[in-house]
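Residues 1 to 276 in our numbering are what the sequence shown spells out, letter by letter.
Even glycine gets a Cβ: it sits at the ideal position worked out from N, Cα and C.
Please read all numbers here as calculations on a predicted model, not as lab measurements.
Structure, as structure tokens:
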Amino acid sequence: MHFDAFDRYHEKESFLHRLDPRIKVVVTVGFILSNALLPDGAWTAFGLSWLFLLLANIFSSLGITFTLKRSFVALPFALVAVTVLFSMSGTPLSSFHFLFWDLTITDTGLLRFFSILVRSWLSVQVAILLVATARFPDIIHALEHLRIPMILTTIIAFLYRYLFVLGDEVFRLLRAREARSAAPSSLRQAQGGASLRMVSRSGRSAVWRARVAGYMAGQLFLRSYERSDRVYNAMLARGYAGHLETTNPHELRRRDYVTVALALMTMFLLQMVGRL
1 MHFDAFDRYH EKESFLHRLD PRIKVVVTVG FILSNALLPD GAWTAFGLSW LFLLLANIFS
61 SLGITFTLKR SFVALPFALV AVTVLFSMSG TPLSSFHFLF WDLTITDTGL LRFFSILVRS
121 WLSVQVAILL VATARFPDII HALEHLRIPM ILTTIIAFLY RYLFVLGDEV FRLLRAREAR
181 SAAPSSLRQA QGGASLRMVS RSGRSAVWRA RVAGYMAGQL FLRSYERSDR VYNAMLARGY
241 AGHLETTNPH ELRRRDYVTV ALALMTMFLL QMVGRL
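Below you can see the structure in the form of structure tokens.
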């Protein structure tokens, strides 16, 4: 299986990589909760949180800007909070007409909006750092050790596992479509600049491609369902007993206790700074 777009683990010999995965999960969740509990506009605390992340990047040996460069892709999803600009009361800053509504941006809404963007940006960075320094089976084992319900860890494990299977089936279908949609070179060019017929690389119209895409979606469902059954039987034949196995021993050491204590103390101080 060659589809590895979802696998973000980076093999390194660093302090962060050697930590127990339970500590990484606890610190990650604690960091996200700490940012969520900070008041709107606590810019000093947000800045210190980012410095905490930069320090974690250094300890991971992945580069000080490792998470920074990968975090901006998630910012557009935070734009769903744009409605807070107009839905919160406060001092009006700007007004404009949009379709049938008169919208007014308030200072309170603007402050809340940018605070949500910063929280989301910091949370995405710490999540990126988690999956880059801990193998996925180790994360699942950490969740099990932390007494997360077995049904949730099993769902997460299978969801992650079958993303690869689904991606591989998509590539198989795309290769099959390209192999069966060849056309003479004369049909690869649109006939005349004013032609209304949309022609693809293979000389087929957009309507044809849409119909084929519908067939492919149905085939993807059937093939992935059948293949998942084969994969599950293969897992049972290899000793699958309801949870993922890992070759890494999970044993809390002194550095793990010290790290989690310092991290939680830092988050507590961030809460105090955010409320000054």
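- Val27 is the residue among Leu130, Val27, His10 and Lys12 whose C-alpha sits nearest the C-alpha of Val260.
- Going by DSSP, Thr247 is part of no alpha helix (DSSP H) at all; its letter is neither H nor E.
- When the Cα atoms are used, Asp107 and Pro92 turn out to be separated by approximately 7 angstroms.
- If you look at Asp102, you'll find it in the beta strand (DSSP E) that goes Trp101 to Thr106.
- Pro137 has no beta-bridge partner at all, per DSSP.
- In the three-state DSSP reduction, Leu146 falls in the coil class, being neither helix nor strand.
- Between the beta-carbon of Phe59 and that of Phe31 there is about 14 angstroms, and that puts the pair past the 8 angstroms contact cut.
- Pairwise C-beta distances place the stretch 127 to 143 in contact with the stretch 61 to 77, as three or more of them are shorter than 8 angstroms.
- When DSSP states are grouped into helix, strand and coil, Ser95 belongs to the strand group.
- The shortest CA-to-CA distance from Leu264 to any of Ser224, Lys24 and Arg8 is the one to Lys24.
- The alpha-carbon separation between His250 and Val126 amounts to approximately 22 angstroms.
- Counted as a single uninterrupted DSSP element, the alpha helix (DSSP H) harbouring Phe66 occupies residues Phe66 to Ser71.
- Residue environment for Arg180: exposed (fewer than 16 other C-beta atoms within 10 angstroms of its C-beta).
- In terms of Cβ geometry, Gly109 and Val84 form a close pair [threshold 8 angstroms].
- Going by C-alpha positions, Ser87 is about 24 angstroms away from Gly274.
- Leaving aside the five residues that flank Val231 on each side, the residues in its chain whose CB is nearer than 7 angstroms to its CB run, in chain order, Val165.
- If you compare the alpha carbons of Phe98, Leu75, Gly242 and Ala78 with that of Ile155, the shortest gap goes to Gly242.
- Three or more Cβ pairs closer than 8 angstroms define a contact, and the stretch 111 to 126 falls short of that threshold against the stretch 139 to 148.
- Taking C-alpha positions only, Leu75 is separated from Leu117 by approximately 7 angstroms.
- Secondary structure note for Lys24: its alpha helix (DSSP H) is the uninterrupted segment Pro21 to Leu37.
- A residue is called buried when at least 16 other Cβ atoms come within 10 angstroms of its Cβ; Phe113 meets this threshold and is buried.
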